[in-house]
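In the order they appear, the protein sequences are chains A and B.
Each step along the first sequence adds one to the number in the numbering used here, with nothing skipped, and position 266 is 269.
Each step along the second sequence adds one to the number in the numbering used here, with nothing skipped, and position 20 is 23.
All C-beta atoms in this analysis are idealised placements derived from N, C-alpha and C, irrespective of residue type, glycine included.
If you're wondering where the values come from, they're calculated on a predicted model, not measured in any experiment.
Report on the following structure.
Protein chains: 2
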Amino acid sequence: MNATAFGAPRVATPIFADRAAAYIAAHAFDRPTLVVSRDRVAMQYEQLQSGLGRAAIHYAMRANPAPEVIETLVSMGAGFEVMSRRDIELCLSRGADPDTMCFGNTLKCASDIAFAYAAGIRLFAADCSDELHKIAVHAPGVRVLVQVLVENPMADMPPSRSFGCRPSDVPELMDIARDLGLVTYGLSFLGGSQIRDSADWYPVLDQIVPVWHAVREAGHDVQLLNIGGGFPAFYGKSIRSPRAYAADVMAAVEARFADVAQIMATPGRALVAEAGHIVAEVVTVCRKSENDLHRWVGLNIGHSSGLAETDGEAIRYPLVTDHDGTDTGPCVLSGPTSEASDVMYQKRPVKLPLGLARGDRVVIRNAGAYTVNTSWAGSDFIPPLDVIVI
Amino acid sequence: MNATAFGAPRVATPIFADRAAAYIAAHAFDRPTLVVSRDRVAMQYEQLQSGLGRAAIHYAMRANPAPEVIETLVSMGAGFEVMSRRDIELCLSRGADPDTMCFGNTLKCASDIAFAYAAGIRLFAADCSDELHKIAVHAPGVRVLVQVLVENPMADMPPSRSFGCRPSDVPELMDIARDLGLVTYGLSFLGGSQIRDSADWYPVLDQIVPVWHAVREAGHDVQLLNIGGGFPAFYGKSIRSPRAYAADVMAAVEARFADVAQIMATPGRALVAEAGHIVAEVVTVCRKSENDLHRWVGLNIGHSSGLAETDGEAIRYPLVTDHDGTDTGPCVLSGPTSEASDVMYQKRPVKLPLGLARGDRVVIRNAGAYTVNTSWAGSDFIPPLDVIVI
Chain A
4 MNATAFGAPR VATPIFADRA AAYIAAHAFD RPTLVVSRDR VAMQYEQLQS GLGRAAIHYA
64 MRANPAPEVI ETLVSMGAGF EVMSRRDIEL CLSRGADPDT MCFGNTLKCA SDIAFAYAAG
124 IRLFAADCSD ELHKIAVHAP GVRVLVQVLV ENPMADMPPS RSFGCRPSDV PELMDIARDL
184 GLVTYGLSFL GGSQIRDSAD WYPVLDQIVP VWHAVREAGH DVQLLNIGGG FPAFYGKSIR
244 SPRAYAADVM AAVEARFADV AQIMATPGRA LVAEAGHIVA EVVTVCRKSE NDLHRWVGLN
304 IGHSSGLAET DGEAIRYPLV TDHDGTDTGP CVLSGPTSEA SDVMYQKRPV KLPLGLARGD
364 RVVIRNAGAY TVNTSWAGSD FIPPLDVIVI
Chain B
4 MNATAFGAPR VATPIFADRA AAYIAAHAFD RPTLVVSRDR VAMQYEQLQS GLGRAAIHYA
64 MRANPAPEVI ETLVSMGAGF EVMSRRDIEL CLSRGADPDT MCFGNTLKCA SDIAFAYAAG
124 IRLFAADCSD ELHKIAVHAP GVRVLVQVLV ENPMADMPPS RSFGCRPSDV PELMDIARDL
184 GLVTYGLSFL GGSQIRDSAD WYPVLDQIVP VWHAVREAGH DVQLLNIGGG FPAFYGKSIR
244 SPRAYAADVM AAVEARFADV AQIMATPGRA LVAEAGHIVA EVVTVCRKSE NDLHRWVGLN
304 IGHSSGLAET DGEAIRYPLV TDHDGTDTGP CVLSGPTSEA SDVMYQKRPV KLPLGLARGD
364 RVVIRNAGAY TVNTSWAGSD FIPPLDVIVI
C-alpha cells in the first residue's frame, strides 16, 4: 500500500496543454461534445506498452469504441478485448486481426459466439459450465480462459462479485472445458477499475498464485495469464506515469509468474481517459435558498447523457472554466433532465468559481473513457454526446 | 397510511391477457423488444381521467416518448409536460396544441425556452431566480409555476431534493417573477414516483396548503395547482384501479384546494407502464459454485439497456416464463455486458423456475415506462431496445 516501497516519489500527471484542449479552446460547440486526441491515445499506448514489457495489450474497447480510436490502436499493434458481435465487426472494419481479439464477455449470446468463431477468434473467457457448453457447441476446440473472482477493496471501483468464478471452482471448470474438447489455455481476472496505487496489485496477484498452481497440478497445461485492467487515469489525485506504473505491476507479475509463457492485460481507461475532454455549458446557476451552503450548477450534460461514471462519486472529473484562479465555492452539479438521477456530486460537492454564470463553458477533463457509450439513447431530453476525434 | 380508511379493500390489478402480451406470444424476436399497446394506453388514460375529474392530465412524456404513444394521447385530448426542445418538436409533429403543453423542466436551456415560446407554449416551471430571469428574457410575459420541494418518504421512489425550492422561498420567487413581468400563475410539486397508497398523498398536500395561502396573502393571484405525478403502476404489489386511486387523490385535493380554479396532474408511469412488456431471452444460467444459494441468470437485456429503473431495486418487474407453475428458486439477474453496473436484484434476488435454461424467453411485464429512453446509446455491447407499438 505504501508507494515509497518503489523507492521513488509519486508524481502527478500534469494537466498540460494538449491537442484536444487546444481544439476545444479554438472552436465553438452548440452541444455537449467529447473531443478525443488520437495522438494522446497513441502516446498512452506507447507508455503503457513500454512499462508492460512482454505483456500484450488487448484494449478494453468498451472504454471508448470510437472507430478512430480503434483504428489508431490497430496501427500501433494493439490487440482487443471484445464483448459482443458489434465490437468484433467494428474491430474487423478497422483492420484488426481476429488473432488479436479475446472475447472477454462471460455472458455471451450463442449467436455472438458463433459469429466470433466464424470471424476467426480463437480465445474466449468463461466463468461457469453453462458458458463453457455454449462455447464448445458454437466455437468447438477454441482456447478458453477461466475467469476468477478476486478481492480488491483498494480499487476506486472494486471488482464486481458478478463475473468470475470462485478460486476453488477453477480446477473443476478446467476439467469440464477439457472434457468438452476445449483448450484450457489460462486464467483471467479483473482487479477492479482505477487502481490508483500499483502496490494494490500485490494482494490481488497473491490470490491468483495458488489458483494457477492448482490448475497446473490438476494437469492443465495453462499458458496465458490475463491480468485484466485497472490501470488508472488522472482525475486530480496523483498517479504515477503509465510507464512507471505498468513496470511496477509487471515486476510484481514476474516475481510470481516468471514461468508463465504469455501475459496479457486489458487496459481501457488508461489508454483513452486522458486523451479526451468534454465541452459543456452552464445552463443555470442558483442557490435554492439564502441559507444554502452551496450553489446548484445545471449543465447541458449529466449523469444520463455521458457522465454515468459520476455514480457513487468514485470518478471525479477535473473541471476547467474561464474563471479559474478566482475565488471558488462548493457546487452540486446537475444534468439537464430535472431528474434525481441526473444530479452529480451531491455527497461531496465540487468547487467552482463564484463568478460562474449561465452560458459559461465548463471543460470536463480526462473524460475520454466510459462517456461515449454511457449516454441514454432515445432520450426525450437531449441528443447523445457528440464525439469528435482529431 | 391505512388503505382501509377508504372503506374499500384494495385489489390487485390482474395480470390478464392483453394485446401486447398476445402479440408477444404470437411472434419471434431476435433482440430485446418492448411491445406497447395503444389500446391499453388509451384505457389507462380514460380511467385515470375519469378519477381525476376536473384535473387536466399533462402526460409526463419522458415516461415513454414513442411517437405512437404521443399520438394516441393527443387523440384522447391529453396535454403534455415537455422537458426539452425535442419533446416539443415531437408533440407538435403528432398534432398536439402548444396550449396543452407545460414546460416542466426546471433546468431549461435558454435556446429551448426561446424555441418553446416561438412554438406558442405559455406555461413554464421554475424553482430559482436564475431560471425566472432566463424565462423573462426568452419567453416574456408567460405564466410561471413555482416548483416547491415536498417530503414523501412513503413513495417507492421518493422525491428528489434537487428540483424545487424550499416552501419558505416561494413568496420571494413569486415577487421576482412579477417584477420580471411574468404572470405568477401557480404552484407545482412532485410527490415522488410510484406512490402506491393514495393515502400517502395527504401529508404531501398538507405541505402545500400553507404555501398556497402565503402566496395569495403576498398578493399573487395564483390560479393553478400542478399536483405532479406519482400515480402507481402494478409491479406485483397490490394497487387500486387507476380510477379509484385518482378519485381518492382528487377528493383529498378538493378537501384542501376547493377554491383553486385549475388543477393539473402530470402522470407518466400510470399511463404507459402496464401497456408494455419487454421480450428478453436467457443467455446463460449458472451457479457460481455448488454452495451458491442462488443461480445467476444472464439476460440479453440489463440495467444499461433499458432496465435502469432496477436501480435501487425499487421497481421489481413481474417476470413471466414458459416454465411458470413449476418449482422456483432465487436468482440474481444480469444484463449482457459483464459489467457490475448491469447486475440487477442482487440485494433481493427474484424467484424464477428451476427449469429455466439458456434460450428460454423471459417476458418483463409492465415495462412500458422509463425503458425506451434509458438504454445507453452507442453501447459497444448491444443495440438500443427495439420498440413496437401496436
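Residues of the stretch 360-372 of chain A with a Cβ closer than 7 Å to any Cβ of chain B, in chain order: R361.
If you check the CB distance, R368 of chain B and P321 of chain B come in under 9 Å. Of all residues in the stretch 117-130 of chain A, the ones placed with a Cβ closer than 9 Å to any Cβ belonging to chain B are A128 and D130, in chain order.
For the options A:V353, A:G80, A:N67 and A:A24, the alpha carbon positioned closest to that of D90 of chain A is the one of A:N67. H136 of chain A counts as buried, since no fewer than 16 other beta carbons sit within 10 angstroms of its beta carbon. Identification of chain B residues near M104 of chain A by a Cβ-Cβ cut-off of 9 Å yields none; the smallest Cβ-Cβ distance measures about 13 Å. Only residues of its own chain outside the window of five on either side were considered, and among them L208, I230 and I266 have a CB closer than 7 Å to the CB of V256 of chain B, listed in chain order. Close partners of D133 of chain A in chain B (Cβ separation under 7 Å): T287, V288, C289 and R361. Between S191 of chain B and chain A, the shortest Cβ-Cβ separation is not below 9 Å.
When Cβ-Cβ separations below 9 Å define contact, E277 of chain A makes no contact with chain B. Assignment of alpha helix (DSSP H) within the stretch 342-372 of chain A, counting only whole runs of 4 or more residues, yields no such run. The C-alpha of A254 of chain B lies about 29 Å from the C-alpha of D100 of chain B. N155 of chain B is outside the set of residues whose beta carbon lies under 9 Å from a beta carbon in chain A. The CB of V207 of chain B never comes closer than 9 Å to any CB in chain A; the least such distance is about 16 Å. Per DSSP, P143 of chain B has no beta bridge partner at all. A contact is defined here as three or more CB-CB pairs under 8 Å, and the stretch 262-278 of chain A meets this definition with respect to the stretch 58-73 of chain A. With contact defined as three or more Cβ pairs closer than 8 Å, the stretch 194-204 of chain B and the stretch 223-240 of chain B are in contact. In this structure P70 of chain A is exposed. Its beta-carbon is surrounded by fewer than 16 other beta-carbon atoms within 10 angstroms. Residue state for Y48 of chain B is assigned as helix, using DSSP reduced to three classes. Here A117 of chain B has H141 as same chain residues with Cβ atoms under 6 Å from its own Cβ, once five neighbours each way along the sequence are excluded. By the C-beta criterion, the stretch 36-53 of chain B is judged to be in contact with the stretch 273-283 of chain B, since at least 3 inter-stretch pairs fall below 8 Å. Counting along the chain, the unbroken alpha helix (DSSP H) around Q210 of chain B starts and ends at W204 to E220. Within the stretch 246-315 of chain B, complete alpha helix (DSSP H) segments of at least 4 residues are found at 272-275, given in chain order. Between the stretch 153-166 of chain A and the stretch 309-323 of chain B, the count of C-beta pairs closer than 8 Å stays below three; the two stretches do not touch. Of all residues in the stretch 24-37 of chain B, those with a C-beta nearer than 9 Å to a C-beta of chain A are D33, reading in chain order. Residue contact with chain A for K350 of chain B: absent (no Cβ-Cβ distance below 9 Å to any residue of chain A). Where M104 of chain A is concerned, the enclosing beta strand (DSSP E) starts and stops at M104 to F106.
Boundaries of the alpha helix (DSSP H) around D90 of chain B: R88 to S96. Taking C-beta atoms as the reference points, V286 of chain A and R298 of chain A fail to come closer than 9 Å. By the Cβ-count criterion, Q47 of chain A is buried, with 16 or more other Cβ atoms from all chains shown falling within 10 Å of its own Cβ. For the stretch 127-187 of chain B, the full-length alpha helix (DSSP H) segments reaching 4 residues or more read 132-141 and 173-182 along the chain. Annotation: Cβ neighbours of L110 of chain A in chain B (cutoff 7 Å, chain order): V286, T287, G301, S337, P339 and S341.
By the CB criterion at 9 Å, R259 of chain A and I211 of chain A fall inside the cutoff. K111 of chain B sits buried, since 16 or more C-beta atoms from the chains shown fall within 10 Å of its C-beta.
Those residues of the stretch 85-101 of chain A placed with their C-beta closer than 9 Å to a C-beta in chain B are V85, M86, S87, R89, D90 and L93, ordered along the chain.
Taking 9 Å as the CB threshold, M160 of chain B lines the interface with chain A.
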